[in-house]
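Colleague:
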Amino acid sequence: MWKWLNSYADPERSYNLAGKLLPWLACLAIALIGVGTTWGLLFAPTDYQQGESYRIIFIHVPAASMSMMAYVSMAIASFIGLVWQIKAADWAAASIAPIGAVITFIALVTGSTWGKPMWGTWWVWDARLTSELVLLFLYLGVIALYASFEDKVLAARAAGILAIVGVINVPIIKYSVDWWSSLHQPATIKITEKSSMPMEMLMPLLINIFGFGVMIATITLVRYRTEVLARNGMRPWVRALATKEVAK
Amino acid sequence: MNRGISYTRAFTTLFMRDIKIAIRHRGDIFNPLLFFIMVVTLFPLGVGPEPQVLSRVAPGIIWVAALLASMLSLERLFKADYNDGTLEQMLLSPQPLPLLVLAKVLAHWVLTGVPLILVAPLLAVLLNLESNSYGALMATLALGTPVLSLLGAIGVALTVGLRKGGVLLSLLILPLYIPVLIFATSAIDASGMNLPYTPHLAIIGAILAGSLILAPIAIGASLRVSTN
Amino acid sequence: MAENQKSEVLVHANELTCIREERILFDELSFDINAGDIVQIEGPNGAGKTSLLRIIAGLSRPYAGEVHYLNQNITRCRDEFNHDLLYLGHLAGVKSELTAEENLNFNLSISGYHDFDTSSILSKVNLSGFEDALAGHLSAGQHRRTALARLWHTNCRVWILDEPFTAIDKKGVEELEKLFIRHAESGGCVILTTHQDMGVVTEKQLRKIRLDYRFV
């Protein structure tokens, strides 16, 4: 297992492997999100309480749940990079960060768009939205820190430490915000009650959640490949690749 | 030649050195304190002098100001040591790095956190804080400001090698300050309504215990990256 | 000096690669440093001399490769290595807010020494009478001497010195060189960089590791 992992940590091999996986994952992501979104937006039944506006959950919930998952995967990659000094893991973490931030941003925008018909205002200090906002700040911190170091090996280590500190804090922040929100506004309408959701709504939602996960993986691979090239610019194999591209 | 590793000796040596340097450089102690007082006095000018409004927002104002003052003062925590090479010597000393880091953070807290706690009641008077909230204010500050120092020091350690770390620092550490802010202000609110606030204090205490153990490790690792 | 002690490998560099800002400073560099060696790292500015010293000291992490101390990776035995390592970098590690004596006192205490006589150590570097002067008020040479004073009170075997002769006068350099020879003869090693020619340490006693500026 360890040897196998290490052999793929070699930049050139991981670059090629990512290239091979890419088309498959891309097709899967397009198919899943296509099916889930069409089903959700066009065919799923209308909610008796919220009418048509509830349909934004088919984007909002996948984005919100994946924003968290992306952060955790980034922290895990950083941890592997820091402890076992595997550079491929550092590059992977650096590739996930901006994607996670965008997904978090999507979750925030869709959440507040949903808030307009629900609460009559664009922004409510609801526990979910507030913790999404804090999560966005955490992402931006990691990205900003990574960008401020000239030396990207150091940048990855610094951003990695921050990501790990962040991931330890996320549950505490989440808990405190939940607690704070229940203190200040005891009676908000719960916006998602998955347990009471009928099958015809739940299925497209689950498909979309999975689809978002695959989509994040796909974009991460694209970014990972460019990250590998950027960090290994002085290596012969990258130069050979570049001359081949130019010749084409 | 007498040589031996003693944790207490290493800790006190570094602690006393930082105190001594700060005493010879008094500005570093007073400036964050003045900042704290200034920010708090700006708020009544901004939101209006009605006593009810002020006493409603007093806990939040004092805590947010304390947060910012702590962050500003922390910025210099490792800078001087980084610039003159003593930080390298600390990293290469045979003493465990988390211990040395803890000594520095503690010295910093004694120099900036404690004065802040001491002037807080005075500012609370200006903001017309509920009279039964003073105990909670002091208790939350006493438990909470060390957490601010510990968590903030991680961000400072990560940015100490960068030329312009100031704004970046706030982006890195302010999100981490949120739980302390929430529990501290709601403890003060609860005490104002004559409700028990020990559970809030217990949570802040738990956060303090956790960060006392974990933060020095993170700070040490960050310093190794920054001095690379 | 016993011959077996002399051939003992203290520091071993194993295929070190250093990349700074996407430029390869050195690639797969390996060497041994034995007890009794005085090693000078040579090369033009920007060739990576300081980077190499910092990697050996464990301050910087190499891009690839590892450094061993007594056959153990220094990342695995950091405390033991630090216990036996005396590193003086470009930055002297002297605080200008403290006096020469307080600085020496702190530097020695943090390395674990106790019950030492600071004034006699300071007299070895010609700082007698300056014990109570703030380091910020000392001249550049005296400032440097405050840092170097530690060399006269140490039992570390590995000395890593980055430009130790900067701002030091001729006589001071000679004394330092004599100290290096004494240290090497008692089973330690000195790894240093300098652009000055050494007068006392002869070519025979000195080993050189050359780094070249690489354009790729």
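Residue numbers (this note's numbering), protein chains in the order written: chain S, 216 to 463; chain R, 29 to 256; chain A, 37 to 252.
Cβ coordinates follow ideal geometry from the N, Cα and C atoms, glycine included.
Quick check: the Cα distance between Gly-177 (chain A) and Tyr-110 (chain R), rounded to an integer number of angstroms?
Modeller: By 1-based counting over the third sequence, the position of residue 177 (chain A) is 141. By 1-based counting over the second sequence, the position of residue 110 (chain R) is 82. Spanning the two alpha carbons is a distance of roughly 21 angstroms.
Colleague: When the Cα atoms are used, what is the spatial distance from Lys-244 (chain A) to Arg-450 (chain S)?
Modeller: To locate residue 244 (chain A), count along the third sequence from 1; it is residue 208. To locate residue 450 (chain S), count along the first sequence from 1; it is residue 235. Cα to Cα, Lys-244 (chain A) sits roughly 29 angstroms from Arg-450 (chain S).
Colleague: Taking Cβ-Cβ distances below 8 angstroms as the criterion, which residues of the stretch 110–134 of chain R are in contact with chain A?
Modeller: Asn-111, Asp-112, Gly-113, Thr-114, Glu-116, Gln-117, Met-118, Leu-119, Leu-120, Ser-121, Pro-122, Gln-123, Pro-124 and Leu-128
Colleague: Using beta carbons (cut-off 7 angstroms, strictly below), is Ile-146 (chain A) in contact with chain S?
Modeller: Here residue 146 (chain A) is taken as the residue at index 110 of the third sequence, counted from 1. At a cut-off of 7 angstroms between C-beta atoms, Ile-146 (chain A) does not count as an interface residue with respect to chain S.
Colleague: Who are the near neighbours of Leu-444 (chain S) in its chain, counting only those whose CB is closer than 8 angstroms to its CB and skipping five residues on each side?
Modeller: Translated into the one-based positions of the first sequence, residue 444 (chain S) becomes position 229. These residues qualify, in order along the chain: Tyr-230, Val-453 and Leu-456.
Colleague: Once you ignore the five residues that flank Val-68 (chain R) on each side, which residues in its own chain have a CB closer than 8 angstroms to its CB?
Modeller: The count along the second sequence starts at 1 and reaches residue 68 (chain R) at position 40. Cβ within range, chain order: Ile-89, Ile-90, Ala-93, Leu-151, Leu-154 and Leu-155.
Colleague: According to the neighbour-count rule (16 or more other Cβ atoms, all chains shown, within 10 Å of its Cβ), is Pro-244 (chain R) buried or exposed?
Modeller: For the purposes of this step, residue 244 (chain R) is taken as residue 216 along the second sequence, with counting starting at 1. Pro-244 (chain R) is buried by the Cβ-count criterion.
Colleague: Whole angstroms is fine: what's the gap from Ala-220 (chain A)'s alpha carbon to Gly-72 (chain A)'s?
Modeller: Residue 220 (chain A) sits at position 184 when you count from the first residue of the third sequence. Residue 72 (chain A) sits at position 36 when you count from the first residue of the third sequence. Taking the CA atoms as reference points, Ala-220 (chain A) sits about 4 angstroms from Gly-72 (chain A).
Colleague: Pick out whichever of S:Phe-427, S:Met-430, S:Lys-463 and S:Pro-413 has its Cα sitting closest to the Cα of Tyr-512 (chain S).
Modeller: Lying outside 216 to 463, the shown extent of chain S, residue 512 (chain S) is not represented and no answer is given.
Colleague: So, for Ile-404 (chain S): in the same chain, excluding its five sequence neighbours on each side, which residues have a beta-carbon less than 6 angstroms away from its beta-carbon?
Modeller: The sequence position of residue 404 (chain S) within the first sequence is 189, counting from 1. Residue confidence is low: Ile-404 (chain S) scores 47 on pLDDT, short of 50, so the model does not pin down where it sits. Its coordinate-derived value is still stated next. Excluding residues within five positions, none has a Cβ falling inside 6 angstroms.
Colleague: Within the same chain, show all residues whose beta-carbon is closer than 7 angstroms to that of Asp-63 (chain A), passing over the 5 residues directly before and after it, in chain order.
Modeller: Indexing the third sequence from 1 puts residue 63 (chain A) at position 27. Excluding residues within five positions, the ones whose Cβ falls inside 7 angstroms are Thr-53.
Colleague: Bridge partners of Leu-158 (chain A), per DSSP?
Modeller: Mapped onto the third sequence, residue 158 (chain A) falls at position 122. Answer by DSSP bridge pairing: none, since Leu-158 (chain A) is not bridged.
Colleague: Note the first and the last residue of the continuous alpha helix (DSSP H) segment covering Ala-71 (chain A).
Modeller: Residue 71 (chain A) sits at position 35 when you count from the first residue of the third sequence. Ala-71 (chain A) -> no alpha helix (DSSP H), and no H or E assigned at all.
Colleague: Using CA coordinates, which residue listed in A:Glu-211, A:Val-75, A:Arg-112 and A:Thr-182 is at the minimum distance from Gly-224 (chain A)?
Modeller: Along the third sequence, one-based indexing puts residue 224 (chain A) at 188. Ranking A:Glu-211, A:Val-75, A:Arg-112 and A:Thr-182 by Cα distance to Gly-224 (chain A) puts A:Val-75 first.
Colleague: With a threshold of 16 other CB atoms inside 10 Å of the CB of Arg-228 (chain S), please say whether the residue is buried or exposed.
Modeller: Numbered from its first residue, the first sequence carries residue 228 (chain S) at position 13. Exposed, because fewer than 16 other Cβ atoms sit within 10 Å of the Cβ of Arg-228 (chain S).
Colleague: Going by the DSSP bridge assignment, what does Asp-198 (chain A) pair with across the sheet?
Modeller: Translated into positions along the third sequence, residue 198 (chain A) becomes position 162. Answer is A:Thr-229, bridged to Asp-198 (chain A).
Colleague: Is Phe-216 (chain A) buried or exposed, if buried means 16 or more other CB atoms sit within 10 Å of its CB?
Modeller: One-based indexing of the third sequence puts residue 216 (chain A) at position 180. Burial call: buried.
Colleague: Pick helix, strand or coil for Ile-55 (chain A), following the three-state DSSP scheme.
Modeller: Along the third sequence, read from residue 1 onward, the residue named residue 55 (chain A) stands at position 19. Strand.
Colleague: Taking the alpha-carbon of Gly-255 (chain S) as reference, which of S:Ala-244, S:Ser-268 and S:Thr-336 has the nearest alpha-carbon?
Modeller: Within the first sequence, the letter at position 40 stands for residue 255 (chain S). For Gly-255 (chain S), the nearest C-alpha among the options comes from S:Ser-268.
Colleague: Starting from Tyr-99 (chain A), find everything on chain S with Cβ-Cβ shorter than 9 angstroms and list it in chain order.
Modeller: On the third sequence, position 63 is the one that residue 99 (chain A) refers to. Within chain S, the residues near Tyr-99 (chain A) are Lys-302 and Val-368.
Colleague: Are the stretch 270–278 of chain S and the stretch 306–323 of chain S touching, with three or more C-beta to C-beta distances below 8 angstroms?
Modeller: yes
Colleague: By the 7 angstroms beta-carbon criterion, what residues does the stretch 346–376 of chain S contribute toward chain A?
Modeller: If the cut-off is 7 angstroms between Cβ atoms, the stretch 346–376 of chain S has Glu-365, Asp-366 and Val-368 near chain A.
Colleague: Excluding the 5 residues preceding and the 5 following Phe-39 (chain R) in the sequence, name in chain order all residues of the same chain whose CB lies nearer than 7 angstroms to its CB.
Modeller: Taking the second sequence and counting its residues from 1, one reaches residue 39 (chain R) at position 11. Cβ within range, chain order: Leu-127 and Ala-131.
Colleague: Going by C-alpha to C-alpha distance, which of R:Asn-256, R:Arg-191, R:Asn-160 and R:Ala-234 sits closest to Asp-1 (chain R)?
Modeller: Residue 1 (chain R) lies beyond the stretch modelled for chain R, which goes from 29 to 256, so this question has no answer here.
Colleague: Can you confirm whether Tyr-263 (chain S), when its beta carbon is compared against all beta carbons of chain R, has any partner nearer than 7 angstroms?
Modeller: By one-based count along the first sequence, residue 263 (chain S) stands at place 48. Closer than 7 angstroms: no.
Colleague: Under a CB-based cut-off of 7 angstroms, is Tyr-105 (chain A) close to chain R?
Modeller: As a first step, residue 105 (chain A) must be located in the third sequence, where it is residue number 69. It does not; no Cβ of chain R falls within 7 angstroms.
Colleague: With a threshold of 16 other CB atoms inside 10 Å of the CB of Leu-236 (chain R), please say whether the residue is buried or exposed.
Modeller: If you number the second sequence from 1, residue 236 (chain R) lands on position 208. It counts as buried.
Colleague: Taking Leu-139 (chain R) as the reference, give the member of R:Phe-58, R:Met-99, R:Ala-234 and R:Arg-191 with the closest Cα.
Modeller: The residue given as residue 139 (chain R) occupies position 111 in the second sequence. It is R:Phe-58 whose Cα lies nearest to the Cα of Leu-139 (chain R).
Colleague: By the criterion of Cβ-Cβ separation under 9 angstroms, what are the contact partners of Glu-102 (chain A) in chain S?
Modeller: Position 66 of the third sequence, counted from the start, is the residue given in the question as residue 102 (chain A). Going along chain S, no residue has its Cβ under 9 angstroms from Glu-102 (chain A), so there is no contact; the nearest lies around 10 angstroms.
Colleague: Can you check whether the CB of Thr-168 (chain R) is closer than 7 angstroms to the CB of Gly-141 (chain R)?
Modeller: Here residue 141 (chain R) refers to the residue found at position 113 of the second sequence. Here residue 168 (chain R) refers to the residue found at position 140 of the second sequence. It is not a contact, given that the beta carbons lie outside the stated cut-off.
Colleague: If I'm right that Leu-161 (chain A) touches Leu-184 (chain A) with Cβ under 8 angstroms, what's the distance once you round it to whole angstroms?
Modeller: What you label residue 161 (chain A) is simply residue 125 of the third sequence in a count that begins at 1. What you label residue 184 (chain A) is simply residue 148 of the third sequence in a count that begins at 1. Checking the sequence shown, residue 161 (chain A) turns out to be Val, not Leu. At roughly 6 angstroms, the Cβ-Cβ gap stays under 8 angstroms, so Val-161 (chain A) and Leu-184 (chain A) are in contact.
Colleague: Check whether the Cβ of Asp-68 (chain A) sits closer than 6 angstroms to any heavy atom of the ligand GDP, and report yes or no.
Modeller: For the structure depicted, the ligand GDP is absent and the ligand set is empty, with no information on it obtainable.
Colleague: Residues of chain D with CB closer than 9 angstroms to the CB of Phe-106 (chain R), please, in chain order.
Modeller: Among the chains of the structure shown, chain D does not appear; the protein chains present are S, R and A.
Colleague: Using a Cβ-Cβ cut-off of less than 9 angstroms, list which residues of the stretch 47–72 of chain A approach chain S; keep chain order.
Modeller: Closer than 9 angstroms at the C-beta level to chain S, one finds these residues of the stretch 47–72 of chain A: Ile-55, Arg-56, Glu-57, Glu-58, Arg-59 and Ile-60.
Colleague: Run the CB neighbour count on Trp-337 (chain S), radius 10 Å, all protein chains shown included, and call it buried at 16 or more, exposed below.
Modeller: As a working note, residue 337 (chain S) is residue 122 in the first sequence. Exposed.
Colleague: So, are the CB atoms of Ala-215 (chain R) and Ala-164 (chain R) less than 7 angstroms apart?
Modeller: The residue labelled residue 215 (chain R) in the question sits at position 187 within the second sequence. The residue labelled residue 164 (chain R) in the question sits at position 136 within the second sequence. Cβ distance < 7 angstroms, so Ala-215 (chain R) and Ala-164 (chain R) count as in contact.
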